[in-house]
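Participant: Once you've had a glance at the structure underneath, I'll fire off some questions.
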Ligand SMILES: [Fe+2]
């Protein structure tokens with residue numbers, strides 16, 4: 006009986022972990038998996054001290070069966086191979102510099118190796134460090150209920166956080182095999198929102214060239230308006246349009262081109278089009294377009 010008790014304890018634990026997991030995965034409440042877990046819970050609730058060995062064995066068989074069904078579900082649907090997987094998240098102050106998805110010289114001749122090394126290893130790293138510092142300082146402020154510097158650290162959080170996230174998108178927005186034009190639903194949406202790919206390209210180019218001071222040109226999808234827009238962001242975080250999702254971004258800070266193009270931002274922008282990774286942009290659009298807020 007003691008081994009049966011230990012087994013039941015394990016099943017209770019597993020049941021709880023599965024519920025936590027389904028919640029973390031945002032599995033719809035009508036999904037059959039919830040029903041299976043409820044059945045396990047009901048079976049477990051029905052267990053009493055007076056049950057015979059046969060009854061307990063029958064219960065354990067039912068539980069095993071449901072367990073196998075759920076394993077199969079996750080293997081098929083998510084290829085996780087292991088149901089005890091939780092969503093990963095970045096702990097406070099522990100952002101890391103993601104590696105470039107290609108070599109430092111891969112974008113030559115359009116962007117030099119020297120620029121890429123400096124831009125990625127030094128500039129992007131400093132945004133990661135700044136973001137981590139701001140998150141930790143704000144955590145400390147919450148812990149001590151001392152928000153006297155909240156304005157400063159919130160600004161740092163916005164500046165370095167935007168710098169980190171935008172550069173992360175930017176690296177993946179480019180590829181040595183880039184160039185050409187998009188296809189499929191993204192191309193259709195570009196034509197719908199801007200008239201044609203050429204008109205989109207002209208507006209994006211003009212916006213990038215005309216960013217005041219330092220900043221970015223950004224193609225975004227608006228889940229609310231349900232169309233694409235081109236924005237200019239000064240520095241990393243100013244003049245953005247919140248509640249939108251960046252799809253394609255171009256860094257027009259001087260550090261992104263000055264060593265090679267000097268003050269000729271126009272040539273940099275014109276050449277940049279040769280390395281746009283449209284497959285990545287298409288994928289971002291596919292994901293972004295799943296998000297649909299109530300139109301307003
Ligand atoms: Fe940059």
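Residue numbers (the numbering used here): 6 to 301. Just so you know, even glycine gets a beta-carbon here, dropped at the ideal spot from N, CA and C. Only a predicted model underlies this, so the values are computations on that prediction, with no experimental measurement involved.
1. For residue 283, is the beta carbon positioned less than 7 Å from some heavy atom of ligand 1?
2. In the DSSP output, what is residue 238 paired with across the bridge?
3. Rounded to whole angstroms, what is the Cα-Cα separation between residue 155 and residue 133?
4. Considering only residues of the same chain and omitting the five flanking positions on each side of residue 100, which have a CB-CB separation below 7 Å?
5. For the pair the stretch 174 to 186 and the stretch 263 to 273, tell me if three or more CB-CB distances fall below 8 Å.
6. Would the C-beta of residue 277 count as close to ligand 1, meaning under 7 Å from any of its heavy atoms?
7. So if DSSP puts residue 256 in a beta bridge, which residue, or which two residues, is it bridged to?
8. Taking just the CA atoms, how far does residue 167 sit from residue 126?
9. So, for residue 91: in the same chain, excluding its five sequence neighbours on each side, which residues have a beta-carbon less than 7 Å away from its beta-carbon?
10. Can you confirm whether the stretch 44 to 56 touches the stretch 10 to 27 when touching is taken to mean that 3 or more C-beta pairs between the two stretches lie within less than 8 Å?
11. Residue 124: which of 142, 109, 113 sits nearest, CA to CA?
12. In the DSSP output, which residue or residues are listed as bridge partners for residue 226?
13. From residue 86 to residue 76, what distance separates their C-alpha atoms?
14. Applying the 10 Å Cβ sphere with the 16-neighbour rule, what's the burial state of residue 238?
15. Please work out which residues of its chain come closer than 8 Å, Cβ to Cβ, to residue 36, disregarding the five sequence neighbours upstream and downstream, and give them in chain order.
16. Can you give me the C-alpha to C-alpha distance between residue 152 and residue 143, rounded to a whole angstrom?
17. So, is residue 10 buried or exposed, given that buried needs 16 or more other C-beta atoms within 10 angstroms?
18. Going by other Cβ atoms of all chains shown within 10 Å of its Cβ, with 16 needed for buried, is residue 187 buried or exposed?
19. CA-CA distance, residue 102 and residue 130?
20. Could you give the DSSP three-state label for residue 23: helix, strand or coil?
21. Just to confirm the assignment, what range does the alpha helix (DSSP H) spanning residue 263 have?
22. Just reading off the alpha helix (DSSP H) that residue 212 is part of, what are its end residues?
23. On the DSSP bridge list, what partners appear for residue 56?
24. What do you reckon, is the C-beta of residue 261 under 7 Å from a heavy atom of ligand 1?
25. Please report the straight-line C-alpha distance between residue 158 and residue 229, rounded to a whole angstrom.
Facilitator: Let me lay it out:
1. no
2. 221
3. 19 Å
4. 133, 136, 137, 169
5. no
6. no
7. 221
8. 17 Å
9. Low confidence applies to residue 91: its pLDDT is 49, below 50, so where it sits in the model is not reliable, and the reading given next is rough at best. Once the five neighbours on either side are set aside, the close Cβ partners of residue 91 are 26, 29.
10. yes
11. 109
12. 233, 250
13. With a pLDDT of only 43 at residue 86, under 50, the local geometry of the prediction cannot be trusted, and the value read off the model is given with reservation. Taking the straight line from one Cα to the other gives about 8 Å.
14. buried
15. 27
16. 8 Å
17. exposed
18. buried
19. 6 Å
20. helix
21. 263 to 266
22. 202 to 214
23. In the DSSP output, where bridge partners are listed per residue, residue 56 has none listed.
24. yes
25. 30 Å
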